[in-house]
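UniProt numbering numbers the first residue of the sequence shown as 1 and each following residue consecutively. Note that the Cβ used here is the ideal one computed from N, Cα and C, for glycine as well.
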Amino acid sequence: MTEEKTGKIDVVVPVYKPEGKLGHLLHMLNRQCRKPDKIVLMITDPDDASGESQGAQLERWILESDIPVECHFLSRDEFDHGGTRNRGMEYCDGEVVVYMTQDAVPEDDHMIEMLTEPFFGEFCGASAGNLGGTEIILSYGRQMPDKDCRPVEQYTRSFNYPAQSRIKTKEDIPAMGIKTFFASNVCAAYRKDLFLLQGGFPEKTIFNEDMIFAGRAVQAGYAVAYAAGARVIHSHNLSNKVQLQRNFDLAVSQAEHPEVFRGIRSEREGFALVINTMKFLVRCGRIYLIPGMLFTTACKYAGYLLGKRYKKLPAKIVLACSMNKKYWRNK
């Protein structure tokens, strides 16, 4: 990446209950070959959630940072997956803005460089963010499993985040389906001018603000880049209940945005993941994990089906099935 092509880069991180991984994230951002110009922390409910020890810890991490760090505070009621990130963008003056979550840690010193390469250098045949007249609006990185990650989740990471980079456009929808819109704000970079031109993230959304934005952008004629060289350590060992709730909220987000997801089915991609995971477990001699994996899949699919039909469900069922209780109370 040549210096003359490099514009300013800011990083926005929503923070709630700052814990150890946030410290690792800030440390690794300071170690990057291409350091961000500024880090913006959007801190939710600092009085209630941070506590004296967490507040002191966060202050120490900020003081240890060579990169300027801005802290902006909001109440728990003010937090919104899309709105909070839009507000974070307002505090940035970089040409490119990187969004990360507080539990995602760069794997090496080149994450920022690799993530922003689609905008500043050669990437999959595209030069400086342009693919034959189609502008790259966002780039997202590769999520790698943590040390404690279960085998099934490890494979899911490799399925959703392969080793090969690529650029996705509207022309890929017939072959890739909903995967064309796939992107994740766990680690993603946006060209600020195009982001604002597209209206930013949807406000008051339950979840999935990144994919909704990507879907709208692709349908508007922009390209989405997957930068496999930008690697972050990020994985969770979720319970079956949480898997159901997460997929419920995912389906609700799709149901509430038919302008993006109408006519584009997710089931084909889910079925492919199940079949390939079973083959993986057979290959690595862990057939005994297949029954549990199938039950988890049933929980995910049940959550997804319920979320698609949430308008027909009683309020108590909706609250029980959703991770984001506050969203429904505010509605």
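Within 10 angstroms of its Cβ, does residue i collect 16 or more other Cβ (buried), or is it exposed?
i: Asn247; result: buried
i: Asn330; result: exposed
i: Ala272; result: exposed
i: Asp249; result: buried
i: Tyr288; result: exposed
i: Gly263; result: exposed
i: Gly285; result: exposed
i: Cys243; result: This sequence places Gln at residue 243; Cys is not what is there. Gln243 is buried by the Cβ-count criterion.
i: Cys118; result: A small fix is needed here, since residue 118 is Pro in this sequence, not Cys. Answer is buried; the Cβ neighbour count reaches 16.
i: Cys92; result: buried
i: Arg60; result: exposed
i: Arg282; result: Just to set this straight, residue 282 is Val in the shown sequence, not Arg. Exposed is the call here.
i: Arg31; result: exposed
i: Lys168; result: buried
i: Arg231; result: buried
i: Leu58; result: buried
With a CB to CB cut of under 6 Å and the five nearest residues on each side skipped, what residues in its chain are close to residue i?
i: Ala320; result: none
i: Gly215; result: Phe181 and Val260
i: Thr2; result: Confidence in Thr2 is poor, its pLDDT being 38 and thus under 50, which makes the residue's placement too unreliable to answer from.
i: Cys299; result: Asn240, Gln243 and Leu244
i: His257; result: Ile212
i: Gly20; result: none
i: Tyr304; result: Asn247 and Ala251
i: Met42; result: Pro14, His72, Thr84 and Gly88
Please confirm whether residue i and residue j have their CB atoms less than 7 Å apart.
i: Gln102; j: His234; result: no
i: Tyr140; j: Ala175; result: no
i: Lys308; j: Ala255; result: yes
i: Lys179; j: Val218; result: no
i: Tyr99; j: Val12; result: yes
i: Ser158; j: Ala228; result: no
i: Thr84; j: Pro14; result: yes
i: Lys35; j: Val97; result: no
i: Asp66; j: Asp37; result: no
Leaving aside the five residues before and after residue i along the sequence, list all residues of the same chain whose C-beta is less than 7 Å from its C-beta, in chain order.
i: Glu4; result: Only weak support is given to the placement of Glu4: the predicted model assigns it a pLDDT of 42, under 50, and the value that follows is read from those uncertain coordinates. There are no such residues.
i: His81; result: Thr205, Phe207 and Glu209
i: Thr297; result: Val274
i: Asn276; result: Phe159
i: Asp109; result: Arg31, Gln32 and Cys33
Name the two residues that bound the continuous alpha helix (DSSP H) containing residue i.
i: Lys279; result: Glu267 to Arg283
i: His27; result: Gly20 to Asn30
i: Arg85; result: His81 to Glu90
i: Cys321; result: Ala315 to Cys321
i: Asp249; result: Asn240 to Ala255
i: Phe261; result: Pro258 to Phe261
i: Cys299; result: Ile290 to Lys308
i: Tyr99; result: Note, Tyr99: premise wrong, no alpha helix (DSSP H); beta strand (DSSP E) at Val96 to Met100.
i: Asp210; result: Glu209 to Gln219
Can you list, in chain order, the residues of its chain with a C-beta nearer than 8 Å to that of residue i? Leave out the 5 residues immediately preceding and following it.
i: Val318; result: Tyr310 and Trp328
i: Asp146; result: Ile233, His234 and Ser235
Could you give the residue range of the beta strand (DSSP E) that holds residue i?
i: Ala225; result: Ala223 to Ile233
i: Asn44; result: For the sequence presented, residue 44 should be read as Thr rather than Asn. Thr44 -> beta strand (DSSP E) spans Lys38 to Thr44.
i: Glu78; result: Looking at the DSSP string, Glu78 is not in any beta strand (DSSP E), and its letter there is neither H nor E.
Please decide whether residue i counts as near chain D, where near means a Cβ-Cβ distance under 7 Å.
i: Phe280; result: Protein chain content of the structure displayed is limited to a single chain, and chain D is not contained in it.
Inset, instruction - Report the residue ranges of all alpha helix (DSSP H) runs contained in full by the stretch 138 to 201; include only those spanning at least 4 residues, in chain order. - result: 151 to 160, 173 to 176 and 192 to 197
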